[in-house]
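Here is the structure we will look at, set down as structure tokens.
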Amino acid sequence: MSSQPIQIRGRRITIGLLMLGLTLLPLGCSGTQQTQSETSTQSERTRLISEADALADFDAAWQIVYDTHYDTEFNGVDWVAVRDELRPAAANAHTRGELRAIMMDMLNRLGQSHFGIIPGAAADPAPERHATNHDHDAIPTDDEPGEMGEDGYREIDVVVPQDNRDGEGDADTGIDLRIIEGHAVVSSVRENSPAQHAGVKTGWILSKIRDREVDGILAQLREALSEEEMGIHAVSLLSGQLQGPDQSTARLTFLDEADHEVELSIEREPMPGEFVKFGNLPPMSTHLDWKRESFVNNDGERVEIGIIKFNIWMIPIAPKFERAMYELRDCDGLIIDLRGNPGGVGALSAAIGRFLVDEKASLGTMTMRGAELSFNIDPVIVTTWGEEIDPFAGPIAILQDSGSASTSEVFAGGLQSLGRVEVIGTRSAGMALPASMDKLPSGDVLLHAIADFVSSTGARMEDGGVVPDIEVKLSREDLLKGIDTPETVAKQWISEQIDAK
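In terms of this note's numbering, the sequence shown opens at residue 2 and continues consecutively.
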């Protein structure tokens, strides 16, 4: 039976890294220094990339960052010295994967989010593969033999059977996970999903993917990642392994409310929403859900709340959000759930924000080299279909967690600074640098930060993240009871705002 290592880099992970802006630090064992024996062994191997081709990509990436980084001091890094140090190693790279590792080492020296290398195959997948909803880049390979694990992305030595195709497609089970008290816990189950039909419950612990112990995977990750990073990387890794081709089977073992093992074989189905190709990013599933809920408050009055949740900030979200706001315009309060939303198209934050403010405002300022751009909001007046509509006037709560990043942070932090929303949950990812993507000579894509961002009050989201107004964590105990604690607190807060009027 063949096998290959899981990497924190699969199709879903790659998207997360792009949109979250994770810094893609390699593990300590993946540096570019080599022993004499290693160098000798390398020289005996067949070279699959020429020195000229390797240096073309390396030099182009270095120069793009040199020309476009918003900070001419490069975050305190001697950028010229970094080039001089690593260029000889790039010239000696034998494979595209080795070159990517060296280039990632270079980019990681900046210590900032939104820097990375997207392999050309992932950035521009074959149309026929996307059309069938099968994507074999979940654990990406290259056209060069022996490259697995040499491409500079975070990786761990976790081996899974490769005859099962886990992580190789765009279909899923409908399970969302969060890391709670060191375990991968089911935080939500999509309605009418395969997981719901199979009987999966919130609060269950995912203990095995096929025969691989999930706690073992998490333990290995914990050796290389901080607790904050675990909330992003571990969830992305495990969620990616729950994906696969349409009608393929995920063989999963859970611990139920009594910690008894429950073994399930769940047939995957295509994710909801539509697949979107944006720029040099891989195609990604984009979907938005909204609903209306009502309850009786402490004064015996019925309160109606609209809840909107979407998975990523891509263009198709805009008309769906507009429709949701139109349908929910008579609600007393609104919850916007951005938990696990890694970001996307930054300009959408202002386009969405116009439904929520009643006067002109700014979410914040993007500072580039020699230029500034304000994320201005003009209140909505009329829908795209020509009907008059007022901005939503009721109290608004935004839910976030450590998986909320980039545009999600710009949106939540910007509206928080304006005093328009109450942010509830846990601290966001702190990965909020606006970025651009440029193709390198090989077809690989360089993701690189080009600006800093601060809110209207000067709050900076990079590193520190958006600090919630009310800190609330998910608990397994509540999830087992079917209680989403942050959402419950948000409803209580909205009710209190209504009572106070």
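Cβ coordinates follow ideal geometry from the N, Cα and C atoms, glycine included.
Bounding residues of the alpha helix (DSSP H) (the contiguous stretch that carries residue i)
{"i": "GLU305", "result": "GLU305 -> not in any alpha helix (DSSP H); beta strand (DSSP E) instead, spanning 303-311."}
{"i": "ASP536", "result": "The requested residue 536 does not occur in the structure, where the chain is confined to residues 2 to 502."}
{"i": "GLY232", "result": "228-243"}
{"i": "GLU262", "result": "GLU262 -> not in any alpha helix (DSSP H); beta strand (DSSP E) instead, spanning 262-268."}
{"i": "GLN498", "result": "486-500"}
{"i": "VAL324", "result": "According to the sequence displayed, residue 324 carries Arg and not Val. ARG324 -> alpha helix (DSSP H) spans 318-328."}
{"i": "ARG252", "result": "Not the alpha helix (DSSP H): ARG252 falls in the beta strand (DSSP E), residues 250-256."}
{"i": "GLY1", "result": "This structure leaves residue 1 out entirely; the chain is present only between 2 and 502."}
{"i": "GLU410", "result": "408-418"}
{"i": "GLU275", "result": "Where GLU275 is concerned, there is no enclosing alpha helix (DSSP H), although the beta strand (DSSP E) it sits in stretches over 275-277."}
{"i": "ASP479", "result": "477-481"}
{"i": "GLU86", "result": "80-92"}
{"i": "HIS198", "result": "195-199"}
Assigned exposure category for residue i - 16 Cβ within 10 Å defines buried
{"i": "PHE376", "result": "buried"}
{"i": "PHE296", "result": "exposed"}
{"i": "TYR154", "result": "At TYR154 the pLDDT is 40, less than 50, meaning the model places this residue with poor confidence; the figure from the coordinates comes in the next sentence. Buried, by the Cβ-count rule."}
{"i": "PHE293", "result": "As written in the sequence, residue 293 is Arg, which differs from the Phe given in the question. Exposed, by the Cβ-count rule."}
{"i": "ASP500", "result": "exposed"}
{"i": "GLN64", "result": "exposed"}
{"i": "THR51", "result": "The question names Thr, yet the displayed sequence has Ser at residue 51. Exposed, since its Cβ has fewer than 16 Cβ neighbours within 10 Å."}
{"i": "GLU262", "result": "exposed"}
{"i": "GLY71", "result": "Contrary to the premise, residue 71 reads as Tyr rather than Gly in this sequence. Flag for TYR71 reads buried."}
{"i": "VAL215", "result": "buried"}
{"i": "THR408", "result": "buried"}
{"i": "GLY29", "result": "Annotation note: pLDDT 28 at GLY29 (below 50); position unreliable, no value reported."}
{"i": "ARG269", "result": "buried"}
{"i": "ARG48", "result": "exposed"}
{"i": "ALA394", "result": "exposed"}
Residue i, enclosing beta strand (DSSP E) - first and last residue
{"i": "ILE218", "result": "No beta strand (DSSP E) contains ILE218, which is instead part of the alpha helix (DSSP H) from 215-225."}
{"i": "ASN427", "result": "A quick correction: the sequence has Thr, not Asn, at residue 427. Element bounds for THR427: n/a, residue is neither H nor E."}
{"i": "GLN401", "result": "397-401"}
{"i": "THR287", "result": "285-287"}
{"i": "ALA436", "result": "436-440"}
{"i": "ILE65", "result": "That residue, ILE65, is in no beta strand (DSSP E); its alpha helix (DSSP H) goes 52-69."}
{"i": "VAL186", "result": "184-190"}
{"i": "ARG179", "result": "176-181"}
{"i": "ILE451", "result": "That residue, ILE451, is in no beta strand (DSSP E); it is neither H nor E in DSSP."}
Spatial neighbours of residue i in its chain, beta-carbon cut-off 6 Å, leaving aside the 5 residues before and after
{"i": "ALA1", "result": "Residue 1 cannot be examined here, being either before or after the span of the chain that is shown, 2 to 502."}
{"i": "ILE16", "result": "Note that ILE16 scores 31 on pLDDT, short of 50, meaning its location in the model is unreliable; the coordinates nonetheless yield the value given after this. Closer than 6 Å at the Cβ level, and outside the excluded window around ILE16, lie MET285."}
{"i": "GLY444", "result": "GLY121"}
{"i": "GLU497", "result": "none"}
{"i": "VAL83", "result": "MET107 and ARG110"}
{"i": "ARG477", "result": "ILE181, VAL186 and GLY204"}
{"i": "ALA406", "result": "LEU21, PRO343, GLY344, ALA430 and MET432"}
{"i": "GLN242", "result": "ASP167, GLY168 and ILE210"}
Whole-number beta carbon distance between residue j and residue i, since they are thought to touch under 8 Å
{"i": "SER437", "j": "THR69", "result": "7 Å"}
{"i": "ALA351", "j": "ILE378", "result": "5 Å"}
{"i": "ARG340", "j": "ASP402", "result": "5 Å"}
{"i": "VAL411", "j": "MET462", "result": "7 Å"}
{"i": "PRO396", "j": "GLY334", "result": "5 Å"}
8 Å CB neighbourhood of residue i in its chain, flanking five on each side removed
{"i": "ASP470", "result": "GLN417, GLU423, VAL424 and ILE425"}
{"i": "VAL473", "result": "ILE425, GLY426, THR427, THR486, PRO487 and VAL490"}
{"i": "GLN197", "result": "GLY175, VAL190 and ARG191"}
{"i": "THR36", "result": "Residue confidence for THR36 is low, a pLDDT of 41 falling below 50, so the modelled location carries little weight and cannot support an answer."}
{"i": "GLY280", "result": "MET438"}
Beta-carbon contacts of residue i that lie in its chain and below 7 Å, excluding the five residues immediately before and after
{"i": "PHE75", "result": "LEU111"}
{"i": "ALA94", "result": "ILE50, ALA55, LEU100 and ILE103"}
{"i": "LYS321", "result": "LEU289"}
{"i": "LEU67", "result": "Correcting the residue identity first, residue 67 is Tyr in this sequence and not Leu. Once the five neighbours on either side are set aside, the close Cβ partners of TYR67 are TRP80."}
{"i": "GLY483", "result": "THR203"}
task = Check whether the region 442-458 touches the region 382-399, counting contact only when three or more Cβ pairs, one atom from each stretch, lie closer than 8 Å.
result = Segment contact: the region 442-458 against the region 382-399, fewer than three CB-CB distances shorter than 8 Å; contact not assigned.
ask   = Taking contact to mean at least 3 C-beta pairs separated by less than 8 Å, is the region 85-93 in contact with the region 53-65?
value = Verdict: yes, contact present.
ask   = Would you call the region 415-428 and the region 246-255 touching, i.e. three or more CB-CB distances under 8 Å?
value = Touching, no, given that fewer than three Cβ pairs across the two stretches are closer than 8 Å.
query = Does the region 282-291 come within contact of the region 312-327, defined as at least 3 CB pairs closer than 8 Å?
reply = When Cβ pairs closer than 8 Å are counted between the two stretches, the region 282-291 is seen to touch the region 312-327, the count reaching three or more.
ask   = Would you call the region 353-365 and the region 183-194 touching, i.e. three or more CB-CB distances under 8 Å?
value = Counting C-beta pairs with one atom in each stretch, the region 353-365 and the region 183-194 have fewer than three that are closer than 8 Å, which means they do not touch.
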